[in-house]
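In UniProt numbering, the protein residues as written are 1 to 264.
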């Protein structure tokens, strides 16, 4: 199994150009095991900020009581978070339509295993050997159209991407949208959880470039935020992200290259 790998984390959240920050994020972790959660209350309805906070806190509370990194734990914590949101709706009729995205990442660096799950368009990225890989797939109508070949290009910059078909609080969520995926960890892996306001402002090339220039998870996040502020026109959505590093920092920023062979 090898030696356990340490975890380090940094987080950032700002209201951007909006009056209220409806994003919420948090984590519960020690040196080698942790749960990291980010949520983005859906705009257009009352209670977005309350929804994101309630979901994040309940998932972390469940993990704190029983810190196990398993698919069952992700499903159980998400189920209890949904119940908590429904309880808020019953107490506050004005929040009947409140809902939120959520992205959950659980890591066990001792067992070298991770599980993640999401609803909506908050994303989780993996950076291995410095290269970005989007682990999640947006639960948006636009992404479904792209996947089906009815639309082309990227969700980034497209005004139609905000229509979601799955979120915590949705009346109906397709069963296939609620899943817990697994990934074996390597020393040097880095993860980024981010709301749509954040990934809309920083593309994968900028994420990779910032990582190469950074000596810590906090510095990596600072570099990306600096990129956003240089192009900010004051009208941006809430911006939230959490950076998680696994293992040795010098391995995190290293880009692995492979020899090119003739005929391949």
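Backbone N, C-alpha and C define an ideal beta-carbon position, used for all residues, glycine too. Since the model is a prediction, treat every value here as computed from it, not as a measurement.
Classify residue i: buried if its beta carbon has 16 or more other beta carbons within 10 angstroms, exposed otherwise.
i, result
"residue 19", "exposed"
"residue 94", "exposed"
"residue 242", "buried"
"residue 33", "buried"
"residue 215", "exposed"
"residue 179", "exposed"
"residue 212", "exposed"
"residue 200", "buried"
"residue 58", "buried"
"residue 143", "buried"
"residue 137", "exposed"
"residue 238", "buried"
"residue 112", "buried"
"residue 42", "buried"
Indicate the three-state DSSP secondary structure (helix, strand or coil) for residue i in the structure shown.
i, result
"residue 134", "strand"
"residue 142", "helix"
"residue 196", "helix"
"residue 163", "coil"
"residue 236", "coil"
"residue 183", "strand"
"residue 207", "helix"
With respect to the alpha helix (DSSP H) encompassing residue i, which residues constitute its N-terminal and C-terminal limits?
i, result
"residue 219", "217–231"
Point to revise | Continuous beta strand (DSSP E) assignments of at least 3 residues falling wholly in the segment 9–93 | key: 23–29, 33–41
Check your understanding: Counting pairs of beta carbons, one from the segment 183–191 and one from the segment 124–134, are three or more of them closer than 8 Å?
Key -> yes
Point to revise | Residue ranges of each beta strand (DSSP E) within the segment 94–121, 3 or longer | key: 100–108, 113–119
Check your understanding: Does the segment 48–55 come close enough to the segment 95–112 to have 3 or more Cβ pairs within less than 8 Å?
Key -> yes
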